[in-house]
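Heads up: the sequence lines are chains A and B, in that order. Under my numbering, the first residue of the first sequence is numbered 5, with each subsequent residue one higher. Under my numbering, the first residue of the second sequence is numbered 832, with each subsequent residue one higher. Cβ atoms here follow ideal geometry from the backbone N, Cα and C, with glycine treated the same way.
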Amino acid sequence: MSPDDLARCRFTGLRLRLAAAFFSLGVLPLLFLGGMLLWLTYQIQLDRVHDHQRALLARMRIETAHFLDGFVERLRRFNLLRDFSALAVNEQRQALAILLAERREFREIALIGVDGREHVRVAAAQPLFDEDLRQRGDDAGFRWAMERLHPWVSHTYHDEATGEPLMMLMIPLVDRRSGRSSSVLAAEVRLRTLWYLMARADLLTGESVYLLDEEGRVIAHANPSHVLRGDRLDAPTSGRTVGLDGDDVFRQTSTLAFAQRQLTLVTEQQTGIALEPARRALVWMLAALLVALAMVTLLFWVAARRIVQPVEDIAAVARAVRAGHLDARAPGEGRRDEIGDLAASFNAMTAELAALLAEKQCFSDELAARIEERTAQLKQANDELESFAYSVSHDLRAPLRAIDGFSRIVVEDYGDTLDAEGQRLLGIVRNNALRMQQLIEDILHFSRLGRTAMQDASIDMKAMVAEVWAEVLASVQAGAARRKIEFILGDLPPAHGDRAMVRQIWANLLGNAAKFTQKREQARIEVRGRREGALNVYEVEDNGAGFDPDYADKLFGIFQRLHSAQEYEGTGIGLALVERIVTRHGGRVWARGEIDRGACFGFTLPADTESQPGGDGA
Amino acid sequence: MSRVMPTWPLAPIGSVALPLLRWLWLLLLLCALALALWALREPKSAPPVRRIALISLTPVDAATQEGFRLGLRELGYGEGEQVVFDRAEPAGSIKRLEPVIREKLARAPDLLVVSSTPATQAAMRLTAESKLPVIFAPVNDPIAAGIVASLAKPGGNLTGVRLAPGDAMRLWWLHELAPQVRRVLVPYTPGDRSAQGTLEQIRPLAGRLGLDLVERPLSDAGEVDRLVQALPPRIDAIFLPRDSSVEAQIARWVAVANARRLPLSAPAIAQVSAGALFSYGFQHREIGRQAARLADQVLRGIPPGDLPVEAAENILAINLATARSIGLTVSDAVLACAGFIVREAP
């Protein structure tokens, strides 16, 4: 990410870390506390629900037991004043009728004698006669009551017409003198009133309480449809579960003994409503979290404005300075804090840097001007020198030709008058004149080389070398005895440059190679080339006389020779020319060798950019 | 040194785009806060006042409505606090029922309490769409009237109190009160379903009790006059069936019974107050209280369709003044079974 990207993205680096610090300090503790609070509220609410349910169950147990026991008590009262079984049937009937009129819960009451036969039976809804009396000696409840002298209660059953739950009670009437049961009161009881008891229980919203019989059937519920539908709950469990209505509820149960039956009181509270305070706590916590978030955001905004923004501004200014805008100044210098210090120091540093750079610029400008001036002077001097050399060489040629010409005339015309010594000396004069002429030609050539304009062209080096070698070989073979030279021409990368000058390079190097291998019986000359980046490298290696590597740097000097002219002819201008041409083409030359072990001359030329690198020689 | 704004591109510190975003973010936070506070607003702790509309056909049901209000008060519903009653004069005629009910429905009640079969049928039609809970108190036979399909599970939006058959028991009580009675005059209007019901109930029992029923169909008011002026011979008691035409003549039956010192049994307690010796039947006031218990359950959120139709409790009502005037001694045992006793002549 570049610094510019960094500047564009506002929530990286410092800003991000600052935001993380702010939010973790401001929000995380609140989250933690909120979580604790929620858990606590949940637990407290759970306890409250359980306490309430326990209290409700206890209350309902008392009320239900009181209600149910009321039936038994009511029936037992018949025996209080006198032995009820000893009364006349008519009186018994009247007493029972009064009870039926008074307590609507009794649907039917019968008095059963020890013989198991009903002595009297009255019903609330229909008149009964003697022929309606039944034999009930085989009733399990009757036998139970007779034998155990304890009230007996039937399972609940339902009235076919209304679906209401009913219960049969068998209450033994005990003769106090004998201690035995003298008769049994059999009463059919409507449990409907229990519905009202359940409905009137002081219930909270979402709460219900109901009664189950021994078989798990609902026999009393505020909503009678549960009873009439015959809803049942087998083995009701306490705790969080699915309620009778299919809701998620907290349930508690309590058993209730009625005679020999075990009834179960169940209370349920919808969890959604019970946990409402916990939900509200959650909402409060979220609200507090939002407030905290808003405050943290505000604080972060202020902090970012006061701390991060100035730092970012300074960073931006630093980038600008780096980009060269040395007149940029960091804002906030007036602040009396670290940021102010930073801005002030930075600005001072920038100012100093600007001053230094200006000074350096001034100095280098002066230096450049001076170099330019000197270069011009040097060039002028050089040009003058060259023109001097040229004119000297040129002007020297005429007198030299005169010396040579006149020496020849002397030899030709006055040869007879001169003795042998004189002729020898004149011969020396002519030789030296010729040699001097050669030297002058070379100097002129060399000098011209520096001035002629270069004609840039693509050059097929391999073809050129082959051509030049043919010429060199021809001149070599034309002279002394035929020589045997092994010439190896590798692939040469094409170059570009002045065709004539490059040809001169090859002529000189190949000529040298041929010359310095003349004493070898098995002469060997190898030309190779390769491409190295933007340069082509060419080398000519021979197994000739070689040279002392200590003087390698002198090889390319003008008229510098490491061998005598008698040993190897030549003026010593060839390699100087090579160097000059190569230098003018932007290349360089080198030589390596050892005495009698051959030499290798190499040079570079700019590669022909149009050529393919595939043309590289091996 | 004053702050120098650089001239090259920098993070747009002072530009407009980012502060706008920042303000939007703050606005969003404020909105969320407002939302949270709204969610947290205290729910109204006081339950709403429920509006109960009371509708009746005849003035007879004023006692039912009074019993209903009494019952609700006993169940903890303060008038004007938890409930308000929207009462009206009895509709008077079946034709006027629908307009009266529409008028009540226009005031958006929470519960409709209707008395009599025609009123309940009208309420059922008018609440068929709204499913407003309706409690009837009473309807003689809600299944025959097509109001509910089942007594145990009415379904729909109606439940209430029906009248329990009690004429057999009334005949039995006649026998208990006056065991010497043998021939019983039963005047009735042919074609009256209720009267037929009474006859069907008492006919099988009469023989077992050793009673002869002297059934006399009465086609019009003139026949009542003729019957009253010339009662069949050796009549020991008069037994009025549930027959609105016959009952409407209660004053004449009372007069003739008193004149002939005959025990007169009437179906309604009101007729005992009017001078009949006894009745075994429903008490309007008690029906109202019974309906109040159903209303309590409905107001607690139980659908009316889940509440079984209740049968009105029949009670024995005795007029001791009439007994004295016809020379009949009512035994203590019978008196102990009476739920309503008229001790002095009005």
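Item	Value
Leaving out five residues on either side along the sequence, give the residues of the same chain with a beta carbon under 6 Å from the beta carbon of residue 459 (chain A).	502
Express the C-alpha separation of residue 293 (chain A) and residue 41 (chain A) in angstroms, rounding to a whole number.	13 Å
Along the alpha helix (DSSP H) that carries residue 318 (chain A), what are the first and last residues, could you check?	313-326
Just the chain A side, please: which residues come within less than 7 Å of residue 1137 (chain B) by C-beta, in chain order?	227, 228, 229
Between residue 1055 (chain B) and the rest of its own chain, which residues show a CB-CB distance below 6 Å, the 5 nearest in sequence each way excluded?	1049, 1080
Could you tell me which chain B residues have their CB closer than 8 Å to the CB of residue 295 (chain A), listed as they occur along the chain?	864
Assign residue 38 (chain A) to one of three DSSP states: helix, strand, or coil.	helix
So, is residue 171 (chain A) buried or exposed, given that buried needs 16 or more other C-beta atoms within 10 angstroms?	buried
Hey, residue 347 (chain A) and residue 318 (chain A): beta-carbon distance below 8 Å or not?	yes
Quick one: complete alpha helix (DSSP H) runs, 4+ long, within the region 932-980 of chain B?	948-957
Look at the alpha carbon of residue 477 (chain A) and the alpha carbon of residue 493 (chain A), and state the distance between them as a whole number of angstroms.	14 Å
My understanding is that residue 116 (chain A) touches residue 122 (chain A), with C-beta atoms under 8 Å, so please give their C-beta distance in whole angstroms.	5 Å
To the nearest angstrom, how far is it from the Cα of residue 281 (chain A) to the Cα of residue 210 (chain A)?	14 Å
Would you mind reading off the limits of the beta strand (DSSP E) that contains residue 171 (chain A)?	169-178
By DSSP's criteria, residue 225 (chain A) is part of a beta bridge. Which residues make up the other side?	A:214
Counting contacts by CB-CB distance shorter than 8 Å, is residue 868 (chain B) in contact with chain A?	yes
Rounded to the nearest angstrom, what separates residue 225 (chain A) and residue 989 (chain B) at their Cα positions?	20 Å
In whole angstroms, what is the alpha-carbon distance linking residue 1013 (chain B) and residue 132 (chain A)?	19 Å
For residue 190 (chain A), collect the residues of the same chain with a Cβ closer than 6 Å to its Cβ; drop the 5 residues on either side in sequence, then sort them by chain order.	114, 116, 174
Please list the terminal residues of the continuous beta strand (DSSP E) segment that includes residue 530 (chain A).	527-536
Quick one: is residue 74 (chain A) buried, meaning 16 or more other Cβ sit within 10 Å of its Cβ, or exposed?	exposed
For my contact list, residue 57 (chain A) and residue 254 (chain A) are in at a C-beta cut-off of 8 Å; report their separation, rounded to the angstrom.	7 Å
What residues in the region 989-1011 of chain B bring their beta carbon closer than 9 Å to a beta carbon of chain A?	995, 996, 997, 999, 1000, 1002, 1003, 1004, 1006, 1007
Could you confirm whether any beta carbon from chain A is found closer than 8 Å to the beta carbon of residue 844 (chain B)?	Low confidence applies to residue 844 (chain B): its pLDDT is 42, below 50, so where it sits in the model is not reliable enough to give any reading.
Can you tell me which of the three DSSP states residue 96 (chain A) falls into?	helix
Do you know offhand how far residue 544 (chain A)'s Cα is from residue 528 (chain A)'s?	11 Å
In whole angstroms, what separates the C-alpha of residue 351 (chain A) from that of residue 558 (chain A)?	58 Å
Closer than 8 Å by beta-carbon distance: list the chain B residues that pair up with residue 102 (chain A), in chain order.	1164, 1167, 1168
Would a check of beta-carbon distances place residue 133 (chain A) closer than 8 Å to chain B?	yes
Looking at the secondary structure, which residues open and close the alpha helix (DSSP H) in which residue 489 (chain A) lies?	Per DSSP, residue 489 (chain A) belongs to no alpha helix (DSSP H); it is in the beta strand (DSSP E), 489-493.
Please report the distance separating the alpha-carbon of residue 1152 (chain B) from that of residue 1104 (chain B).	10 Å
The region 963-986 of chain B: which residues have C-beta closer than 8 Å to a C-beta of chain A, in chain order?	982, 983, 984
For residue 421 (chain A), which three-state DSSP category applies?	coil
Would you verify that the beta carbon of residue 1144 (chain B) is, or is not, closer than 8 Å to some beta carbon of chain A?	yes
Whole angstroms are fine: how far does the CA of residue 1168 (chain B) sit from the CA of residue 1174 (chain B)?	15 Å
Just to confirm, are residue 1073 (chain B) and residue 1094 (chain B) a CB contact at a threshold of 8 Å?	no
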